Structure formats: structure tokens, C-alpha cells
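Below is one structure, written out as C-alpha cells; the observations come after it.
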Amino acid sequence: MNTKTVCEKLSVTPKMLRVYEEQGLIKPKRLENNYRDYSVENLVQIETIAILRRLGFSVNEIKSILAFDRTNNEYLDMFYLQYKALESQITELMEIKRELKGTINKMIENRDGESLDKIILTGRENRNNKLINYDDIIDSWNFDEMASDFINRYMKEDIPYQRTIRKLQDMIKTMDDKTFTDVGCGTCNLWEESGEGTDVLAIDKSLHMLLESKKKFPWVKVAMDDILSPDMKLYRKSDVVVSAFMLHHIEYPDQFKAIDNILGLCRDGGTVLIADRCYQDSSLKGADPTEFFIIAEEVEEYLRLKKTDVYAEFTDDNMVIFRAERR
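Counting in the numbering used here, the sequence shown runs from 437 upward without gaps.
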């Protein structure tokens, strides 16, 4: 395939192709007349490069992606990396939108005579400070894999955690012939006592967690999604929805939004089980800036407001299980 054809098919320019080749990103075959002959594999590479460049990836980052061995998992990793980059770019654009709205409103209500130049420059400085470092995206991508390893190795030494998981497992054993959805499933430790006949949909936003879950429990159905913005149309309403040790990783303003979506995945008359690290004293809220232990009384009150019959059981001073029956 010659240069003109490639440019027409992919909406790229000859200059872009030359630059990609000079930087070692593609290596088209050369014909006897020294014209370039692009293969289908080259086309896939060029399309991927163009997408990643638009998302802000550096040449070195793209080289590492294209150096992957051609196996299913490596391609999956590549697409997941693109997904994470796009997700971060959306977050960045939403933040810019919020800052622009704030600047506009401040200009409209500028009753203190503050310099317009100062307002504009302050808004621009705030936006620039929040621009994404795409190295951080790759670091977080690698962190997913490390996190799954951490869960497998170290959570088994956390006695209160294990006690709570066992309690959940005992509750699940009494629920015969039910459909289950596990939200924020991690590596699916909760299902170690369940058999292949158990109907489980496991949802997590980490690809590596899901791959680890699928390796351990091939019979579990998995889906990558974020509980703060799930595509609810894709999912059934299960008899039982479980969230085990997920909420304390979510900042306080978003925890109730996550609970709303957990409830939305459960059918009327179904059961929601929420187990998590908690504070029984609301004055401790925010005591640890790196963890967002749920406030037990606030979550219990919120579940009641959502027309559920709620039962709470503390398995440790800082761990609770809520069983909420939907009416």
C-alpha cells in the first residue's frame, strides 16, 4: 500500500508518516524503486500512534506500547492504556470546564473591583496546575497490577478483614439460587467458597484486578466499569448486590453516589450487602487524608432514606456489614 493510499484511509499526512518512520515508530517495507509499501500491520500501528499522540503520549511511551508481544493480553493492555489516557483527559477537560465557569461567574459578580487581568490570570494558572502528567497515567496503569498482588498477599494477614469476608461468605451461602453482582470486586476473594454454579457478575474499574479474578475463577462473569459512572443499561438487576471494602477508597462527597448506583443494580425486593472499614464516631471523619472510612451512622441513615430495611453488624471496632433489604 503506497503513501497516498495510507493517507487517504487514515486521514494522515505524508509528513506525519515520515516523522513516525524517522522516530522509529513504524518500519514500512521499501520497494526496488525505494517507494514505501505499507502493510496492514503498519496501518494498525499508524492508527494507534495517531490516537495516542492526540491523547498526549510521548514518543518513548508509544514505542513501549508498540514493542508489546502480539498476544491477547498485551493487546488488551494496550487498549486499556488508551482507555485510561482518555479517561484522564476527560477528567482534565471537566476540570478546565469547571474553572472556566468559575472565572466567568467571578467576572459577572466582580463587585470588589478586582482587576480583570488578575481574575483571568488566576483562572489560567489554576488550570495549568491541574494539567495531566501522562507519566502518571502509566504509573497508575502499572499500579493496578501491583495492587492486585498486594490484595492477594497481604490482605490474608488482616484478621479483621478476613473475619468480615468470612461473615459475608456465610451470609452468601444461605442465599441459594440467587443472582449476585459484586461491585468493586478486586480479585474476587469473596467467592473463594462458592462453586461454579454460583451466578456472579464481578465489576471493577481495574483491568488487572479483573484478569486476576478471571484467572482464579473462570466461571465468574466480569465487567470493567466505574461505580461512580456505570453504564446501568448494560447490567441486569441482581437478587443480591455486594460491595466489600470498596467505599473507603472513594472520597466522601461521592460515597452516596456510589451507594445509589449499588442500589440501582439490585432488583426490588433484593438484598444489598455493604461491608467496609468505618468510623463509629462521625467526628473522626477526615482524620486520615488518604482513607475515607465510611461513617457508619450516616450510611445507615442514608440506606433507610432509600426505602430499605437496614441491619448493621460490627465485625470489629472499625468494620461494619450493612444488610439492606429493598422494599
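We put the beta carbon where it would ideally sit given N, CA and C, even for glycine.
Please read these numbers as outputs of a predicted model, since none were measured by experiment.
In the DSSP assignment, find the alpha helix (DSSP H) that holds residue 452 and state where it starts and stops.
450–458
To the nearest angstrom, report how far apart residue 727 and residue 685 are at their CA atoms.
6 Å
Using CA coordinates, which residue listed in 642, 656, 454 and 600 is at the minimum distance from residue 748?
Considering only alpha carbons, the answer is 600.
What did DSSP end up calling residue 519 once you bin it into helix, strand or coil?
helix
Please return the same chain residues whose Cβ sits closer than 8 Å to the Cβ of residue 448, not counting the five positions on each side in sequence.
So the list reads 442, 482 and 486, once near-sequence residues are dropped.
Could you give the C-beta distance for residue 729 and residue 715, rounded to a whole number, given that I count them as a contact under 8 Å?
5 Å
Report the three-state DSSP secondary structure of residue 466 (helix, strand or coil).
strand
If we ignore side chains and look at the alpha-carbon of each, how far apart do residue 457 and residue 476 end up?
16 Å
Going by beta-carbon coordinates alone, are residue 701 and residue 671 separated by less than 8 Å?
yes
Only counting the same chain, and skipping five residues up and downstream in sequence, which positions put a Cβ closer than 7 Å to that of residue 751?
596, 599, 600, 603 and 757
Nearest to residue 492 by CA position, among 439, 523, 438 and 534, is which residue?
523
Pick out whichever of 495, 632 and 650 has its Cα sitting closest to the Cα of residue 624.
Out of 495, 632 and 650, 650 has the C-alpha closest to the C-alpha of residue 624.
Candidates 541, 617 and 630: which alpha carbon is nearest residue 678's?
617
Locate the alpha helix (DSSP H) running through residue 762, then write down its first and last residues.
Run containing residue 762: none in the alpha helix (DSSP H); it sits in the beta strand (DSSP E), 755–762.
What runs of the alpha helix (DSSP H), each 4 residues or longer, lie entirely inside the segment 592–619?
595–609
By how many angstroms is the C-alpha of residue 452 removed from the C-alpha of residue 666?
37 Å
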